[in-house]
Structure formats: structure tokens, C-alpha cells
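For the sequence shown, this note's numbering gives the first residue as 111, with consecutive numbering after it.
For every residue, glycine included, the Cβ atom is placed at its ideal position computed from N, Cα and C.
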Amino acid sequence: MSSRELVVLGTASQVPTRHRNHNGYLLRWDGEGLLFDPGEGTQRQMLHAGVSATDVTRICVTHFHGDHCLGLAGVVQRLNLDRVPHPVDCWFPASGGHFFERLRHASAFHETVELRPRPIAAAGPLEAPGMPFALGAVRLSHPVESFGYRLVEPDGRRMLPERLAALGIAGPDVGRLQRQGVLVLPDGRTVGVAEVSEPRPGQSFAFVMDTRLCEGVAALADGVDMLVIEATFLEADARLAEDHGHLTAAQAARTAAEAGARTLVLTHFSQRYPDLEGHLAEARAHFDGEIVLAADLARVPLPPRR
Numbered sequence: 111m112s113s114r115e116l117v118v119l120g121t122a123s124q125v126p127t128r129h130r131n132h133n134g135y136l137l138r139w140d141g142e143g144l145l146f147d148p149g150e151g152t153q154r155q156m157l158h159a160g161v162s163a164t165d166v167t168r169i170c171v172t173h174f175h176g177d178h179c180l181g182l183a184g185v186v187q188r189l190n191l192d193r194v195p196h197p198v199d200c201w202f203p204a205s206g207g208h209f210f211e212r213l214r215h216a217s218a219f220h221e222t223v224e225l226r227p228r229p230i231a232a233a234g235p236l237e238a239p240g241m242p243f244a245l246g247a248v249r250l251s252h253p254v255e256s257f258g259y260r261l262v263e264p265d266g267r268r269m270l271p272e273r274l275a276a277l278g279i280a281g282p283d284v285g286r287l288q289r290q291g292v293l294v295l296p297d298g299r300t301v302g303v304a305e306v307s308e309p310r311p312g313q314s315f316a317f318v319m320d321t322r323l324c325e326g327v328a329a330l331a332d333g334v335d336m337l338v339i340e341a342t343f344l345e346a347d348a349r350l351a352e353d354h355g356h357l358t359a360a361q362a363a364r365t366a367a368e369a370g371a372r373t374l375v376l377t378h379f380s381q382r383y384p385d386l387e388g389h390l391a392e393a394r395a396h397f398d399g400e401i402v403l404a405a406d407l408a409r410v411p412l413p414p415r416r
């Protein structure tokens, strides 16, 4: 199993269908698990997908429409029931703080977990202890306040075994060289980390839910390895999309193409469409990279590093 993958828990917009649950997405990122927009039924979908409560380290809510947050109450209580041993950060629009508190304390339960509310008052970097990546929020355009999320891993370096071997560097000395940047060999020579490694670009991910086209959509999508983006409507219903603060499949695909995104994951489909062939056709007309029509319980690996 990939250590970096998107686990899709639900893909319906507004109401669930027989085949699509309310929204829910878990991004596995090495030892982190970011749960985005837990809609109604997310706790049960986690069970079907093989996701445990302890897998969740952060929660990110884009906005407080029910299909993106009603599952928060059950998820919070499950974290406590399972006595998750680590703190869990939870980001959400500050203007919906009263909704967050109602959902968090929707019924009686015994609190065992440190849930750390982190309301977002303005776009920008999001801070929390121990994050191995940069996480930021960008304001979107929807009838209620909504934020998208962008995750960026810092660039690093990839050690080259053949160069290490040629210099006789092995075992703990490799880690020492990585940490310190330089290593003095037994013969007195000094080796810099650049001599035995090459640049390793960091990976990136963006999560764009309910929104019209706006500057924030482009900013979130810019150059990401994986773009998860709503495609509620088709172009024939573009007026509906604009009126209700949503995107069409064509708009989402054009955004991905113009931004240079690598993998496009379309989701949040309106129940008005009995199948998604139209979404795929519209997307392919504008984006020639990898396109995934999100399906409940699917797993989508991040593409290999550039």
C-alpha cells in the first residue's frame, strides 16, 4: 500500500445516493492522516475502507454545509471511544465556530482525546506542532465562508548509494551526513551532502471543495501533484453551478490544465447525473493528464515524484 494516497470515503454532493455517501476524504501522508470534510456516515465509511480512528491526525473542514461536516460528531466521538493516543488538530472557518462546537458536543461522551480546535480567520499558513509539511488555507467563493487547503512538502535531497559506496560512507555515517550536512572521513577529507545526493522535489496536494471559479481555486491548484476538486455540474448546467457556488467538470479540468496539476481527482457529484460519462468527457477535453472520477472507497496514490 502506498504511504501517500487518498482514501475516498464519500463523493456525493448535498444528499447521499445509493452508491455515493456524503463527502469524506482521508489523505495518508507517511505517518499523518488528514481527514477532509467528514460528511454524514463518514465513521461507517472508514470501517468499510479499512481506516481506523488512530489513522486520523488532523481534520480539515472547508465549510459548514451539512454534506461536509455532519459526520464530524461521530468521528470526534469515535476518536474518544478508541482512545486515540495523539492530539488531533481540527481546522475550520472561524465564522462557523458555533457549528463546530455543536457538532463536537452533539451528545454525551467521555472525552479521552486532546482535540485542538484551530479556527481559520483569514487565508494563509496554518500552524500546528509537528507537521512535516506546510499546510495553508485559501479563501473560496461559496454562499457560506469556505476555505480550500494546500499541502506542500519541503524540497529535500535523495542520497545516492553509489556515491556513498565510492567514498566508503555507510551505516550511521549516512544519517550523520544528512543531519549535519558535512562529514569528515577517517583520512581527513570533508564530504558535503551535495556530493553524494541529488535534489528531491517535495510533493504537493490541494483540496478544493464548494466554490465558484475564483482566484483562490487557481492558487490552490498551482503546480500540485494531486488536485482533488469538486465537479458538481456539467457545462450544460453552468448557470446552476454559478448560482449555487459550484464548479463544472470542464471548469475543474481547465483549472488543472492551466495550473499544471499532475493528477486530477473529480468528486462531489450532483445526484442529477445517473452516470459520470459526461464528467469524464468534459474533463478529457481540457486536461490531458491523469483523471480520476472519485468513487466511494477508492484509493488513489499520489503520482511518483517528479
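- Item | Reduced DSSP category for Leu323 - H, G, I as helix; E, B as strand; rest coil | Leu323 carries a coil assignment under DSSP once its states are collapsed to helix, strand and coil.
- When the Cα of Ala369 is compared with those of Gly399, Leu357 and Tyr383, which residue comes out closest? The option with the nearest alpha carbon to Ala369 is Gly399.
- What residues match up with Thr121 in a beta bridge as DSSP calls it? Paired residues: none, contrary to the question.
- Item | Simplified DSSP state of Met156, which is helix, strand or coil | Here Met156 sits in helix by DSSP.
- Item | Three-state secondary structure (DSSP) of Met111 | Note that Met111 scores a pLDDT of 42, beneath 50, so its modelled location is shaky; the value from the coordinates is reported in the next line. If DSSP states are grouped into helix, strand and coil, Met111 belongs with coil.
- Message: Please return the same chain residues whose Cβ sits closer than 7 Å to the Cβ of Arg364, not counting the five positions on each side in sequence.
- Response: Apart from sequence neighbours up to five positions away, the residues of its chain that approach Arg364 with a beta-carbon distance below 7 Å are His396, ordered along the chain.
- Message: Going by beta-carbon coordinates alone, are Gly355 and Arg322 separated by less than 7 Å?
- Response: Cβ distance < 7 Å, so Gly355 and Arg322 count as in contact.
- For His129, which residues of its own chain have a beta-carbon under 6 Å away from its beta-carbon, when the five flanking residues on both sides are left out? For His129, same chain residues with a beta-carbon under 6 Å away, outside a window of 5 residues either side, do not exist.
- Item | DSSP-derived helix/strand/coil call for Gly240 | The answer is coil: DSSP assigns Gly240 none of H, G, I, E or B.
- Item | Any beta strand (DSSP E) of 3 or more consecutive residues that is wholly inside the region 371-395 | If only uninterrupted beta strand (DSSP E) runs of at least 3 residues are considered, those enclosed by the region 371-395 are 373-377.
- On a CA-only basis, which of Asp177, Val125, Ser162 and Ala163 is nearest Pro148? Give me that one, please. For the residues Asp177, Val125, Ser162 and Ala163, the minimum Cα distance to Pro148 belongs to Asp177.
- Message: Tell me the rounded alpha-carbon separation between Arg289 and Leu245.
- Response: Rounded to the nearest angstrom, the two C-alpha atoms are 24 Å apart.
- Query: Cβ atoms of Arg226 and Pro264: under 7 Å apart, would you say?
  - Reply: No, Cβ-Cβ distance for Pro264 and Arg226 is not below 7 Å.
- Message: Please state whether the Cβ-Cβ distance between Ala316 and Leu337 is less than 7 Å.
- Response: Yes, the Cβ-Cβ distance between Ala316 and Leu337 is below 7 Å.
- Message: Using CA atoms only, rank isn't needed, just tell me which of Arg268, His132, Val262 and Pro296 is closest to Gly278.
- Response: It is Pro296 whose Cα lies nearest to the Cα of Gly278.
- Query: In chain order, what residues of the same chain have a beta carbon less than 7 Å from the beta carbon of Glu237, not counting five sequence neighbours either side?
  - Reply: Cβ neighbours of Glu237 within its own chain (closer than 7 Å, five residues either side excluded): none.
- Query: Where does the unbroken alpha helix (DSSP H) through Thr300 begin, and where does it stop?
  - Reply: In this chain, Thr300 is not harboured by any alpha helix (DSSP H); it is covered by the beta strand (DSSP E) spanning Thr300 to Gly302.
- Query: So Arg138 and Arg114 are in contact, right, with Cβ under 8 Å, and what is the actual spacing, rounded?
  - Reply: Confirmed, about 6 Å.
- Message: Restricting to Cα atoms, I'd like to know which of Val248, Glu224 and Pro242 is closest to Pro235.
- Response: Ranking Val248, Glu224 and Pro242 by Cα distance to Pro235 puts Val248 first.
- Message: Which same chain residues end up closer than 6 Å to Ala329 when comparing Cβ atoms and leaving out the 5 residues on each side of it in sequence?
- Response: Val248, listed in sequence order.
- Is the CB-CB distance between Ala275 and Ala331 below 7 Å? No, they are not a contact pair.
- Task: Kindly examine the ligand FMN and report whether one of its heavy atoms sits closer than 6 Å to the Cβ of Met156.
- Result: Absence of the ligand FMN from the depicted structure is noted, as is the absence of any ligand whatsoever, leaving it without description.
- Query: Taking DSSP as the reference, what is the three-state secondary structure of Asp140?
  - Reply: Assigned with DSSP and collapsed to three states, Asp140 falls in coil, not helix or strand.
- Spatially closest choice to Arg409 from Ala159, Arg394 and Ala359, by CA coordinates: Comparing Cα positions, the closest option is Ala159.
- Uninterrupted alpha helix (DSSP H) stretches inside the region 342-371 (no shorter than 4 residues): Those alpha helix (DSSP H) runs which fall completely within the region 342-371 and span 4+ residues are 348-354 and 359-369.
- Message: One question on the structure: do Phe202 and Phe210 come within less than 7 Å of each other, judged by their Cβ atoms?
- Response: Yes.
- Please state if the CB of Val161 and the CB of Arg117 are separated by a distance shorter than 7 Å. With the sequence shown as reference, residue 117 is identified as Val, and Arg is not the correct amino acid for it. Inclusion of Val117 and Val161 in the CB contact set at 7 Å is warranted, their separation being smaller than that value.
- Item | Span separating the alpha-carbon of Gly151 from that of Glu272 | Taking the straight line from one Cα to the other gives about 50 Å.
- Query: Roughly how many whole angstroms lie between the Cα atoms of Met319 and Leu376?
  - Reply: Spanning the two alpha carbons is a distance of roughly 10 Å.
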